[in-house]
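From first to last, the protein sequence lines stand for chains U and W.
The first sequence stops at residue 1195 when you use our numbering, and every number in between is there.
The second sequence stops at residue 780 when you use our numbering, and every number in between is there.
Ideal Cβ placement from N, Cα and C applies to all residues, glycine included.
Inspection log for the structure reproduced underneath, given as structure tokens.
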Amino acid sequence: MAEIRLRPSQENILAFTGGRMGISAVPGAGKTFTLSLLAARLLASRALGPEQEVLIVTLVNSAVDNFAARISGLIRQTRLMPNFGYRVRTLHGLAHDIVRERPEAVGLANDFQIVDESEATRILHDVALAYLRSNPDLIESYLKPDLTEVDAQKLRRDRIPDLVESIGLQAIRYAKDQELSADDLRQRLDELPLPLPLAGMGCALYADYQRALNYRGAVDFDDLIRLALQALKTDEQLVLRLRNQWPFILEDEAQDSSHLQEEILNLLAGPGGNWVRVGDPNQAIYETFTTANPEYLLEFRRQPGVRDEDLPESGRSSASIIDLANHLIAWSNTPQAPEALQGALIPPYIQPTAPDDPQPNPPNRPELIYLHEKKLEAAKEIETIAASVKRWLEVEENQQRTVAVLVPRNARGSELAEELKRLGVDVVDTLLKTTTATRQSAGAIANVLRALADPLNGHKLSRAYRSWRGKVEDDSKKVVERAASHLHRMMRTEDYLAPLPGEDYLEKIGLHTTDEPAYHELAAFRESVRRWQAAVLLPIDQLLLTLSQDLFTEPADLAVAHKMAGALRQRTHEHPDWLLPDLIGEIEEIATNKRKFLGFSSDDTNFNPDDYKGRVVIATIHKAKGLEWDRVYLMSANNYDFPSGAPYDTFISEKYFIRDRLNLEAEALDQLRVVVHGDPEDWYEEGHATQRSRIDYARERLRLLYVGVTRARQELVVTWNGGKQGQAVPATPFVELINFWESLHGHR
Amino acid sequence: MNWTRPQRAILDLPSGSRAFVTGPAGSGKTTATTQHLLDLLSSGVPGASILLLVPQRTLASSYQAALRTPGAAAGGQVDILTLGGLARRMVDLFWPLIAHDAGFAHPVLPPTFLTLETAQYYMAHLVRPYLDQGFFESVSIDRNRLYSQLLDNLNKAAIVGFPHTEIGERLKSAWSGESSHLRVYDDVQTCASEFRRYCLENNLLDFSLQVELFRERLWPSLLCRAYLQNTYRHLIVDNLEEDTPVTHDILSEWLPEFDSALMIYDEDAGYRSYLGADPSSGLGLRDLCTDEISFTEPLVIPPTLEGLGARLGQVLDQVQTLPPGLPDGLEALDYPPEPIRFFPQMLDWVVDRVAQLIDEGVPPGEIAILAPVLPDALRFSLTNRLDERGIPYRSHRPSRALSDEPAARCLLSLAELAHPQWNRSPSKVEITYALLQTIAGLDLTRAHLLTEICCRMREGRLVLEPFGRLRPDAQSRITFSIGERYEMLRSWIEAYVADPEAELDYFFSRLFGEVLSQPGFGFHSDLDAGQVAANLVESAQKFRWAIETRAEPMGQSLGQEYIEMVRDGVIAAQYMGNWQPPAADAVFIAPAYTFLMNNRAVDHQFWLDASSNAWFERLYQPLTHPYVLSRAWTPGRIWTAADEFEANRAVLYRLILGLLRRCRVGVHLGLSDLNEGGYEQRGLLLKAFYQVQLAAGKDQANG
């Protein structure tokens, strides 16, 4: 292994040879790097037998690829098959591996299906509608009494089914996290002295949902985790074998660990086993309505026998950015912070690296920090930022630098992207849209299938043609336009696709003499369409494979098409009556990103901000996790997006049409908590959960703000707006940052 | 022909001998036994007195080929049977003798023999009400598999030889998982018993009941035994190791009665164990034989591959000590030099390598591409790539469920159009596809046009308008020749609708014979579609025969019931098609087990998707269990993860050995980081290779 210069804190961690260790790493401390290096060292130390692997568990698929690439780069084995000796998995991936060991032990066929989010949502949606039809009264009792009948009608149609679906989703997730079946839950409900209607509803939805899954021979992602744990708990030999297989477990992003994740890894590590957990509790931003909680990592670090380490140095940001981030930590631990936010951020503080570090901090330029105190209208905020970005990019030296605008929500980002494009700024919004290989391949396939399903339609034929052509160089763009336009205007497509003698459209309009390049385009496209049409009776998977061979050349596209083919095949098994038009709908879902495709992680894999120098990247703060830019804009720092638990804050989960501003998802979960943990002293009281959920949400949003600030290397601009109604105020932590900054540098 | 010593021993067997032949695959046992059969015939033994018993009919193909050779044999038809086939024949013949005692409700009425499909239909019919009561609720399994597993349990009980009433108890006592799953096995038992009760009530005979009646009532009866002993004087059994315990039981009693008997037993095989094959009870027959012939040397395998096999056996804990002097065999192993990321890229690599081998002079027929399972789409992807390079290949026509066959769907749609009383209108898309297949010369664009213009909703159902009623410009767009054919089809359907509903199989036959197979119609020259149509007719007919006798009323016509069952996939009528092309110097593409059952050797084998778990994992299992329901299982024992692990290793080793023994030069592993679904997988097979590599590296370092 090549010599790599390490910081003392990193050396300290790499000295690990066994046992349990918990590590807090600050933003930019290089924890992925350190963990990969640790894995590579363990492999090189020959501590592993031929059947053994280092198991690395991380949060998202993109990180899986990242780890795998780093480790395989760090170790070079000769004359051996690639990829042996370690295994990188998300929790879902790991659960899948475990369940796959012996599916029948948990009641599954061994080619059991996993329904993805979209199918799960569709099932739950149907379940929710059916529930509402037979139980219309329950939700009615939660509606605001002063709604007009017209409003109520509209809500019943447009909003309430979604709300019930959302309550169902939370209830099901909670019950699965508690390892309870719908039957178990129902039994406990029946034993209660008083009815808990929302819990009852959740239980009914859970039972129906699970029945629908069973009917398909399928499980969802949460089941996978629950069943993995069940397999480990019931099969001691399995646990022993897996412990032997994975003698070292390295867990990344441990701040987002859930109760079940912890339990699974704990069982796999076993007493005296080797388990390293790395995370940054201050970056725990996935907790709302998931069962993740940074407390698990903190508690782990406090356990006796666990080595408690920090990775506090970070070379990412300048001293000023570090000051701001550290101040947020310090403030949240003072009595001056609103009660809800106290302790939401915790030490270690970020420390700059030593001057001779391979990653020194950027030079400090406090004059490049702008905390915009003045209120802006929502539209004005967008204009202001767009103009600022444009100005900045026009500066010559910034062509070699990176910039991002981070928004709390996708919609806001899209509005900004529109404005920037209007100003002629080169925008990178891939993180926003997740325009992925999957989406593009799905889009192209959908276009061609639409033309096959409706071959009389010239417009669809024209779109299929563009997809078939793919990306075109500038010089042939015009030819493609002309060819597409011919197709678009075509009235009798049969004269083009299957002409009778003397009726050939291309000949009749004399295209080969008037526009020879377009003639060749259309003649070649016609050949392809005929080949596709001949394949239209094939099973859908084979049709797709046939198309993909004509449409794609990139291995990743072809692989995605291959997987899509399998997925659609599966759909036709689930819905034997489905024909081409139904399947196109399915592909459209993938193309518009309503459906996530499990497996291929092409989505945001390896998004590298440095590839976009001189352009502006727009992303949500969530998507920006793990990334950094020279200049960062943070928008919407108001009390709607970053509340602090004040009475005047408004919350996204509190629907205007529900009485007493109740957060029904939170209320339902609280009722379930009572059902599960039934403590007569701690009985359900309406409204308490709504309050608690506000606090949890406010704390998470403070951490989100912290994540946003720490994306910046050198320059930071923070703005806020008055919200839709103009009644929002600047977020309390933002005001605190402004005050802090002015105390250091005076008012600007 | 140059016979080896053990082959000669077979040919020189004295008359009256009962010989037991053992040896590894590829050692020439079947070749000599085929000659033995021909020798018997040419010595004047009547063909009808020879019983050739095989575990499944495809395993008799080399005998059938020899018997078909002109001039090879005279003297009547040799009976080539499976035990199931024999049982069915005897039950049919001796029905009046046993029906009453066996508990059938109507012993004077003839029995109805069920096929796999019709049995599945009845099982579905019986189980549905239980499902509504919450049976099997905790199990994730699709319906059709549920039914087939329930039947599988009954079949296992019959071929292993334990009462079907013990199924649930056996499964329960071996279960080590969540205790809540135990209820499922009670459900399994209830359904099995209910199915059996229903069969007895209605004179229905599924496979399990046929075997059970034969084993318990006919074989012990003097009359039947005398009949069998008079009929068959000579016995040849091939692939004894793939047959069931009950077969072995019966043979052990029958063996002394034959004038001559020859039984062949493949060592290290038993690939059908998930279907109830029991090599150990087969081996037990050896002691009852007068002669034993042992083939020790395989003809095919070179020392490199033998060494590789032994080393893989060692890391899989199946071989204790390595025979001295064998090479590690790694030079016979080939895999992509650089890691391949995606599955389709792996297919590209495989086909590139195949092309390269052929360029180097390897005949295509000496190459086999093998996969653990070979779904339709994978075969399609492979054959496409081979087509592009002009490489000849041979593969089975894929076996698809009827509901997946375009030709069958076409016939179903037309049936729905012709039976408005069913209230099942096909969709416009279905009609378009039906017309596209039916009318020769119709292109997809005009098929859409035709449907757009001619399909009308009338009284809530789709009807086809006469072509003559269309506007002239529409007629000319569609063309008059297409119009004429359309009109023939339409008026045929119209005439049919006017008459009373016919039996569905009769409807299909007529439609096919009178319209679709005529010149100008799509099935005229499409032999595959014709085959599917014939298959559909047969399936519908068998369904009718099996269901007509049912006592209780159905509420809808048999035809409608059948269509619904096909659309739901309960009736699949899957069948293995012919090899395409039948025989040629072509690359062989097949699932690994099919290749083994085909029993021929090649120079080069490609093992696709070598990282897949499918190389060693058994099929779906939540309602049944091949090991627990086998004879070797001690009732009361618990099946643990360690058993599973051990079974997987043993299965994998058996498969590896079977493949290597049919390989002359080299094995090529198709590997990709991500499997078809985009998941990383490193199954036992790949791990085993990796460990052999590691060990070889260490040996090198040490020596």
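Taking C-alpha atoms, which residue in the options lies nearest to residue i?
i: Ser-764 (chain U); options: U:Pro-855, U:Arg-978, U:Ala-858 and U:Gly-475; result: U:Gly-475
i: Leu-407 (chain W); options: W:Gln-422, W:Asp-425 and W:Arg-388; result: W:Arg-388
i: Leu-729 (chain W); options: W:Leu-539, W:Asn-752, W:Ser-688 and W:Ser-490; result: W:Ser-688
i: Phe-683 (chain W); options: W:Phe-665, W:Met-642, W:Leu-604 and W:Ser-138; result: W:Phe-665
i: Asp-343 (chain W); options: W:Ala-102, W:Arg-644, W:Pro-712 and W:Gly-743; result: W:Ala-102
i: Arg-486 (chain W); options: W:Pro-469, W:Thr-509, W:Pro-497 and W:Tyr-470; result: W:Thr-509
i: Trp-722 (chain U); options: U:Leu-984, U:Trp-693 and U:Asp-997; result: U:Trp-693
i: Asp-573 (chain U); options: U:Arg-936, U:His-543, U:Pro-608 and U:Arg-454; result: U:Pro-608
i: Gln-210 (chain W); options: W:Asp-219, W:Asp-662, W:Cys-268 and W:Arg-166; result: W:Cys-268
i: Thr-505 (chain U); options: U:Asp-631, U:Leu-697 and U:Val-546; result: U:Leu-697
i: Ala-678 (chain W); options: W:Cys-740, W:Thr-701, W:Asn-725 and W:Glu-638; result: W:Cys-740
i: Ala-234 (chain W); options: W:Asp-394, W:Ile-244, W:Tyr-351 and W:Leu-227; result: W:Ile-244
i: Gly-1155 (chain U); options: U:Arg-547, U:Val-874 and U:Ala-772; result: U:Ala-772
What are the partner residues of residue i, as DSSP defines its beta bridges?
i: Phe-665 (chain W); result: W:Ala-445 and W:Arg-471
i: Asp-757 (chain U); result: U:Ser-471
i: Gly-743 (chain W); result: W:His-681
i: Phe-598 (chain W); result: W:Ile-516
i: Ser-371 (chain W); result: W:Thr-99
i: Glu-1162 (chain U); result: U:Arg-1078
i: His-311 (chain W); result: W:Ile-127 and W:Ser-337
i: Ile-1105 (chain U); result: U:Leu-590
i: Phe-190 (chain W); result: W:Leu-282
i: Arg-533 (chain W); result: W:Val-540
Is it true that the CB of residue j sits closer than 9 angstroms to the CB of residue i?
i: Leu-639 (chain U); j: Val-1123 (chain U); result: no
i: Ala-1071 (chain U); j: Leu-944 (chain U); result: no
i: Leu-674 (chain U); j: Leu-555 (chain U); result: yes
i: Ala-448 (chain W); j: Pro-668 (chain W); result: yes
i: Pro-147 (chain W); j: Trp-172 (chain W); result: no
i: Gly-664 (chain U); j: Ile-378 (chain W); result: no
Which bits of chain U does residue i rub up against, with CB to CB less than 7 angstroms?
i: Thr-717 (chain W); result: Gln-684
List, in chain order, every chain W residue whose beta-carbon is nearer than 8 angstroms to that of residue i.
i: Arg-549 (chain U); result: Ala-718 and Glu-721
i: Gly-1013 (chain U); result: Ala-454, Glu-753 and Gly-754
i: Pro-986 (chain U); result: Asp-453, Ala-454, Arg-477 and Asp-481
i: Asn-530 (chain U); result: Pro-416, Asp-750, Glu-757 and Arg-759
i: Gln-996 (chain U); result: Asn-461
i: Pro-902 (chain U); result: Leu-521, Thr-522 and His-525
At 9 angstroms on the CB atoms, spell out the chain U contacts of residue i, in chain order.
i: Asp-48 (chain W); result: Nothing can be reported for residue 48 (chain W): it is not among the residues displayed for chain W, which extend from 78 to 780.
i: Gly-467 (chain W); result: In chain order: nothing, as chain U lies at least about 16 angstroms away.
i: Arg-61 (chain W); result: For residue 61 (chain W) there is no data in the structure shown, the boundaries of chain W being 78 and 780.
i: Thr-781 (chain W); result: Chain W is shown from 78 up to 780; residue 781 (chain W) falls before or after that span and cannot be answered.
i: Gly-254 (chain W); result: Arg-549, Glu-551, Ala-552, Val-553, Gly-554, Gln-677, Ala-678, Thr-681 and Asp-682
Which residues in chain W sit within 7 angstroms of residue i, going by Cβ to Cβ distance?
i: His-1009 (chain U); result: Phe-420, Pro-421 and Glu-753
i: Phe-559 (chain U); result: Ser-217
i: Thr-940 (chain U); result: Thr-522
In chain W, what lies closer than 9 angstroms to residue i by C-beta?
i: Arg-688 (chain U); result: Ala-718, Ala-719 and Phe-722
i: Asn-661 (chain U); result: Phe-213, Glu-214, Ser-215, Val-216, Ser-217 and Ile-218
* Note down, one range per segment and in chain order, each beta strand (DSSP E) of at least 3 residues found wholly within the segment 504-590 of chain U. => 533-537
* Run through the segment 666-708 of chain U for me and flag every whole alpha helix (DSSP H) of 4 or more residues, listed as ranges in chain order. => 668-681 and 683-692
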